[in-house]
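Participant: Following this message is one structure expressed as structure tokens.
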Amino acid sequence: MGPIITITTDFGTADGYQAVLEGIIAGINPEARVVNISQEIAPGDIAEGWYMLKTHHYYFPPGTVHLAIVDPGVGSRRKIITVRTRRYQFVAPDNGLLSFIPKKDILSIHSVTNRKYALADISPVFHGRDIMAPAAAYLSRTVDPACLGRSCQKIVDLPGVRPKVTKAGIRGRVLRVDRFGNLITNIDATRVDVSGTVSVNGQDLGSLRLTFSDVRPGKPLAYIGSGSHLEIAVRDGSAFHYFLPAEGDEIQIFVAR
Amino acid sequence: MGPIITITTDFGTADGYQAVLEGIIAGINPEARVVNISQEIAPGDIAEGWYMLKTHHYYFPPGTVHLAIVDPGVGSRRKIITVRTRRYQFVAPDNGLLSFIPKKDILSIHSVTNRKYALADISPVFHGRDIMAPAAAYLSRTVDPACLGRSCQKIVDLPGVRPKVTKAGIRGRVLRVDRFGNLITNIDATRVDVSGTVSVNGQDLGSLRLTFSDVRPGKPLAYIGSGSHLEIAVRDGSAFHYFLPAEGDEIQIFVAR
Amino acid sequence: MGPIITITTDFGTADGYQAVLEGIIAGINPEARVVNISQEIAPGDIAEGWYMLKTHHYYFPPGTVHLAIVDPGVGSRRKIITVRTRRYQFVAPDNGLLSFIPKKDILSIHSVTNRKYALADISPVFHGRDIMAPAAAYLSRTVDPACLGRSCQKIVDLPGVRPKVTKAGIRGRVLRVDRFGNLITNIDATRVDVSGTVSVNGQDLGSLRLTFSDVRPGKPLAYIGSGSHLEIAVRDGSAFHYFLPAEGDEIQIFVAR
Numbered sequence: 105m106g107p108i109i110t111i112t113t114d115f116g117t118a119d120g121y122q123a124v125l126e127g128i129i130a131g132i133n134p135e136a137r138v139v140n141i142s143q144e145i146a147p148g149d150i151a152e153g154w155y156m157l158k159t160h161h162y163y164f165p166p167g168t169v170h171l172a173i174v175d176p177g178v179g180s181r182r183k184i185i186t187v188r189t190r191r192y193q194f195v196a197p198d199n200g201l202l203s204f205i206p207k208k209d210i211l212s213i214h215s216v217t218n219r220k221y222a223l224a225d226i227s228p229v230f231h232g233r234d235i236m237a238p239a240a241a242y243l244s245r246t247v248d249p250a251c252l253g254r255s256c257q258k259i260v261d262l263p264g265v266r267p268k269v270t271k272a273g274i275r276g277r278v279l280r281v282d283r284f285g286n287l288i289t290n291i292d293a294t295r296v297d298v299s300g301t302v303s304v305n306g307q308d309l310g311s312l313r314l315t316f317s318d319v320r321p322g323k324p325l326a327y328i329g330s331g332s333h334l335e336i337a338v339r340d341g342s343a344f345h346y347f348l349p350a351e352g353d354e355i356q357i358f359v360a361r
Numbered sequence: 105m106g107p108i109i110t111i112t113t114d115f116g117t118a119d120g121y122q123a124v125l126e127g128i129i130a131g132i133n134p135e136a137r138v139v140n141i142s143q144e145i146a147p148g149d150i151a152e153g154w155y156m157l158k159t160h161h162y163y164f165p166p167g168t169v170h171l172a173i174v175d176p177g178v179g180s181r182r183k184i185i186t187v188r189t190r191r192y193q194f195v196a197p198d199n200g201l202l203s204f205i206p207k208k209d210i211l212s213i214h215s216v217t218n219r220k221y222a223l224a225d226i227s228p229v230f231h232g233r234d235i236m237a238p239a240a241a242y243l244s245r246t247v248d249p250a251c252l253g254r255s256c257q258k259i260v261d262l263p264g265v266r267p268k269v270t271k272a273g274i275r276g277r278v279l280r281v282d283r284f285g286n287l288i289t290n291i292d293a294t295r296v297d298v299s300g301t302v303s304v305n306g307q308d309l310g311s312l313r314l315t316f317s318d319v320r321p322g323k324p325l326a327y328i329g330s331g332s333h334l335e336i337a338v339r340d341g342s343a344f345h346y347f348l349p350a351e352g353d354e355i356q357i358f359v360a361r
Numbered sequence: 105m106g107p108i109i110t111i112t113t114d115f116g117t118a119d120g121y122q123a124v125l126e127g128i129i130a131g132i133n134p135e136a137r138v139v140n141i142s143q144e145i146a147p148g149d150i151a152e153g154w155y156m157l158k159t160h161h162y163y164f165p166p167g168t169v170h171l172a173i174v175d176p177g178v179g180s181r182r183k184i185i186t187v188r189t190r191r192y193q194f195v196a197p198d199n200g201l202l203s204f205i206p207k208k209d210i211l212s213i214h215s216v217t218n219r220k221y222a223l224a225d226i227s228p229v230f231h232g233r234d235i236m237a238p239a240a241a242y243l244s245r246t247v248d249p250a251c252l253g254r255s256c257q258k259i260v261d262l263p264g265v266r267p268k269v270t271k272a273g274i275r276g277r278v279l280r281v282d283r284f285g286n287l288i289t290n291i292d293a294t295r296v297d298v299s300g301t302v303s304v305n306g307q308d309l310g311s312l313r314l315t316f317s318d319v320r321p322g323k324p325l326a327y328i329g330s331g332s333h334l335e336i337a338v339r340d341g342s343a344f345h346y347f348l349p350a351e352g353d354e355i356q357i358f359v360a361r
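Sequence lines, in order, name chains A, B and C. Following this note's numbering, the numbering of the first sequence begins with 105 at its first residue and continues without gaps. Following this note's numbering, the numbering of the second sequence begins with 105 at its first residue and continues without gaps. Following this note's numbering, the numbering of the third sequence begins with 105 at its first residue and continues without gaps.
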């Protein structure tokens, strides 16, 4: 079987926008195999896309090309880039979506500007289809990223996705609510020592639990989720409904030392 | 890699109805590769399916078989057909779903009636599974469409999907609202000269823009969408909510000459 | 093309949880091909997963490995098992999800405990990813199920999914409402003789119909659905809205002899 190209977007699954990427990829590299990570990033929510890719990309075999399109600035002056690490290649708009990649892992960054590797007609509202999907397909055919455009020095960073660490503790926020109503926070357990008492909107949840059955049904708990971030759940229920925020309010997460 | 079969239906993704098509196809042609265009056509909405396939099918490589099932008349006397063009083959109920194919591109039309190329048991409520999916799979194995049934002269047309063109201008309607709240109209920019002033429910949007950033945030614009139809969007917002129609009302689109 | 692995879960499609299974499978068996049956089982609803797999698994070619994860007891003492039949292999938590497999078809049952065939790090909240997906991938590579763990005598049964059969008739319930608003009941037409008069919440629908067009638009009907279970529909409408149950109420299905 050929190389894998994963697709992560905010296109949804109803409109066929993602399917067209698969059609284009199949035309350029018939050996490539597409795996959908998620097309249901909230429209334009770069931080959600950042989390999705950060957490899931590493489960794919070496050689995988990860294509990520959350691109509210399409048609404006933001760049499109490709990043190579030892295990993977990435293609995305340079708007912070790829800023989870540790600097030490990056072998090269190139802008994607060479129209030889894009579709002949480029719609000003769909660069994902006309530029990024073809770029990912050519990279999966082992085209050198230097062919796509100039080398770049760095990736645009994404503000607001890292928690505040102070002497008193760690102050975080909810990045995403998953299907089970679990609150996925921006507190990454592999980078931050999460050993204190967790509170949500001021309500004390005690220290970390291992799994749901460590509390009684209906009770909230804090634990390290499968994506290695601190999560809040309610056993046999929904933490989102339990801590239901008013429209526009943020849920406050705090880990006291 | 083998031939591609795309699937476009109103089955949704929750009920497993589409997955069964993939299972049947894999049994008949293990080399075929399935790509989902959309399973989220509104139930029974032939015009939406028509637009989806019209707009997206051309991004797939030559040789692709497009299977489309929006079939509110299942079990009644409507025909099932297969259409061959220079680049593609199509399988669908003959209810207007395929009427976007230009007559000059059609090499042949055949009805699908030969039970040798269907499942042994045919449910009266699921011809997509028992007749159309097997037909698509056999066609992808290069079975001659003449084996499936008799040659036909023409395809059933779909009323109401083409705009009204008068001396004053073009009067259109919304075919589909996409995930971003963009209004996709039935005005096809490749067939109709769209150079005048666009109005929506009587509100003047001026002439066509190229992309979202051509207007200020929160403002509506008209532009040629990625599917080559006239679309209406609101920058950083939802045109559907902006022009929110009352239940049952249609949004009026007019392009003055 | 390689062996097929189907995936049926309650993960939804938005969170990328299912995609990670595909990544892991591709790493272990690059030849395997994944088909999604449904990721939209209601969270924790084992009966819905049971119906989905019971009804759809048989349309896949012999040799397919069916991976099913609806696992509200993750991290508790429930077992993970693999079941082999003449045509298929199955991997699932042993919580009733697989109890649709007829006893006479079962060649072997094994628990999945050998950590050699799991990921190195096992999250206490995601055994689907860390244990079940790898097991399915190894089985698709023809690893002997006896390598995964000990032989077991039987599968946990699922209470409440079989209808009550009395002298007066058959009393059933709704297992699932599909996208079209059709009510799929737990009355399996291949096991129960369904020849009497059907009533829903006391309303008489007469005897079975063949297809939707057998009643007038807007009228309810009972028929054998494409999954061989008794279903209730409303022609050109939604049976769910027609018989709209109050919150928490069950819809009563009765077939009089």
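Each residue gets a CB set at the ideal place from its N, CA and C atoms; glycine is no exception.
In three-state DSSP terms, what is residue 344 (chain C)?
Facilitator: Helix at residue 344 (chain C).
Participant: For residue 244 (chain C), name the three-state secondary structure that DSSP assigns.
Facilitator: Three-state DSSP puts residue 244 (chain C) in a helix.
Participant: Assess, as a yes-or-no matter, whether the region 283 to 297 of chain C is touched by the region 334 to 341 of chain C under the definition of 3 or more beta carbon pairs within less than 8 Å.
Facilitator: A contact exists between the region 334 to 341 of chain C and the region 283 to 297 of chain C.
Participant: Is the distance from the Cβ of residue 350 (chain C) to the Cβ of residue 324 (chain C) below 8 Å?
Facilitator: Contact flag unset, no.
Participant: Please check if any C-beta of chain B sits within less than 8 Å of the C-beta of residue 131 (chain A).
Facilitator: Yes, contact with chain B.
Participant: Does the separation of the CB atoms of residue 174 (chain A) and residue 110 (chain A) fall below 8 Å?
Facilitator: No, the Cβ-Cβ distance between residue 174 (chain A) and residue 110 (chain A) is not below 8 Å.
Participant: Could you check if residue 140 (chain B) is buried or exposed, using at least 16 other CB atoms within 10 Å of its CB as the buried criterion?
Facilitator: Its Cβ being crowded by 16 or more others within 10 Å, residue 140 (chain B) is buried.
Participant: Below 8 Å on C-beta distance, what does residue 248 (chain C) contact in chain B?
Facilitator: Here the premise fails: no neighbours, minimum Cβ distance about 24 Å.
Participant: Going along chain B, which residues have a C-beta under 7 Å from residue 138 (chain C)?
Facilitator: None at all; the shortest Cβ gap to chain B is about 10 Å.
Participant: Any idea what DSSP makes of residue 325 (chain A), helix, strand or coil?
Facilitator: The answer is strand: DSSP assigns residue 325 (chain A) an E or B state.
Participant: Do the region 301 to 321 of chain C and the region 133 to 152 of chain C make contact, defined as three or more Cβ pairs closer than 8 Å?
Facilitator: Counting Cβ pairs under 8 Å, fewer than three are found: no touch.
Participant: Residue range of the alpha helix (DSSP H) that residue 161 (chain A) falls in?
Facilitator: Here residue 161 (chain A) belongs to no alpha helix (DSSP H), and DSSP marks it neither H nor E.
Participant: Would residue 160 (chain B) pass as an interface residue toward chain A - the criterion being a Cβ-Cβ separation below 8 Å?
Facilitator: Cβ-Cβ to chain A under 8 Å: yes for residue 160 (chain B).
Participant: What residues from chain C crowd round residue 346 (chain A), counting only those whose CB sits closer than 8 Å?
Facilitator: Simply none; closest approach about 15 Å.
Participant: Would you give the residue range spanned by the alpha helix (DSSP H) that residue 126 (chain C) belongs to?
Facilitator: Run containing residue 126 (chain C): 121 to 132, per the alpha helix (DSSP H) assignment.
Participant: Is the CB-CB distance between residue 276 (chain A) and residue 360 (chain A) below 8 Å?
Facilitator: No, Cβ-Cβ distance for residue 276 (chain A) and residue 360 (chain A) is not below 8 Å.
Participant: What are the start and end residues of the beta strand (DSSP E) that includes residue 194 (chain B)?
Facilitator: Its beta strand (DSSP E) spans residues 193 to 197.
Participant: Quick check on the DSSP output: the beta strand (DSSP E) that includes residue 189 (chain B) runs from which residue to which?
Facilitator: Element bounds for residue 189 (chain B): 184 to 189.
Participant: Return helix, strand or coil for residue 201 (chain C), following the three-state DSSP convention.
Facilitator: In this structure, residue 201 (chain C) counts as coil in the three-state DSSP scheme.
Participant: Please state the DSSP three-state secondary structure of residue 213 (chain C).
Facilitator: In the structure shown, residue 213 (chain C) sits in a strand (DSSP, three-state: E or B).
Participant: For residue 358 (chain A), report the span of its beta strand (DSSP E) as first-last.
Facilitator: That run of the beta strand (DSSP E) goes 357 to 360.
Participant: Please tell me whether residue 205 (chain B) and residue 187 (chain B) are closer than 8 Å, where the distance is taken between their beta carbons.
Facilitator: The answer is yes: Cβ separation under 8 Å.
Participant: Got a sec: is the Cβ-Cβ distance from residue 128 (chain C) to anything in chain A below 8 Å?
Facilitator: So, interface residue.
Participant: Which word fits residue 226 (chain C), buried or exposed, when buried means at least 16 other C-beta atoms lie within 10 angstroms of its C-beta?
Facilitator: Counting Cβ neighbours within 10 Å, residue 226 (chain C) comes out exposed, since fewer than 16 surround it.
Participant: With three or more C-beta pairs closer than 8 Å as the rule, is the region 235 to 253 of chain A touching the region 164 to 184 of chain A?
Facilitator: Verdict: yes, contact present.
Participant: Helix, strand or coil for residue 91 (chain A) per DSSP?
Facilitator: Residue 91 (chain A) lies beyond the range of chain A shown here (105 to 361); nothing can be said about it.
Participant: Please return the same chain residues whose Cβ sits closer than 6 Å to the Cβ of residue 294 (chain A), not counting the five positions on each side in sequence.
Facilitator: Excluding sequence neighbours, residue 294 (chain A) sits near 332.
Participant: If you run the structure through DSSP and keep just helix, strand and coil, what is residue 219 (chain C)?
Facilitator: Residue 219 (chain C) falls in the helix class under three-state DSSP.
Participant: Going along the chain, which residues of its own chain have a beta-carbon closer than 7 Å to the beta-carbon of residue 237 (chain C), five neighbours each way excluded?
Facilitator: Only 125, 128, 129 and 171 meet the Cβ criterion.
Participant: Verify the CB distance criterion: does residue 120 (chain B) have a CB-CB separation below 8 Å to chain A?
Facilitator: No, residue 120 (chain B) lies away from the interface with chain A (no Cβ there is under 8 Å from its Cβ).
Participant: With a Cβ-Cβ cutoff of 8 Å, do residue 107 (chain C) and residue 314 (chain A) count as a contact?
Facilitator: In this structure, residue 314 (chain A) does not lie closer than 8 Å to residue 107 (chain C) by Cβ.
Participant: What is the DSSP secondary structure of residue 151 (chain B), reduced to helix, strand or coil?
Facilitator: Residue 151 (chain B): helix per DSSP, three-state reduction.
Participant: Could you tell me whether any Cβ in chain B is nearer than 8 Å to the Cβ of residue 314 (chain C)?
Facilitator: Judged by the 8 Å Cβ criterion, residue 314 (chain C) is in contact with chain B.
Participant: What did DSSP end up calling residue 297 (chain B) once you bin it into helix, strand or coil?
Facilitator: Coil, per DSSP.
Participant: For residue 208 (chain A), which three-state DSSP category applies?
Facilitator: Residue 208 (chain A) falls in the helix class under three-state DSSP.
Participant: For residue 330 (chain C), which of C:252, C:138 and C:292 has the nearest alpha-carbon?
Facilitator: Closest by alpha carbon: C:292.
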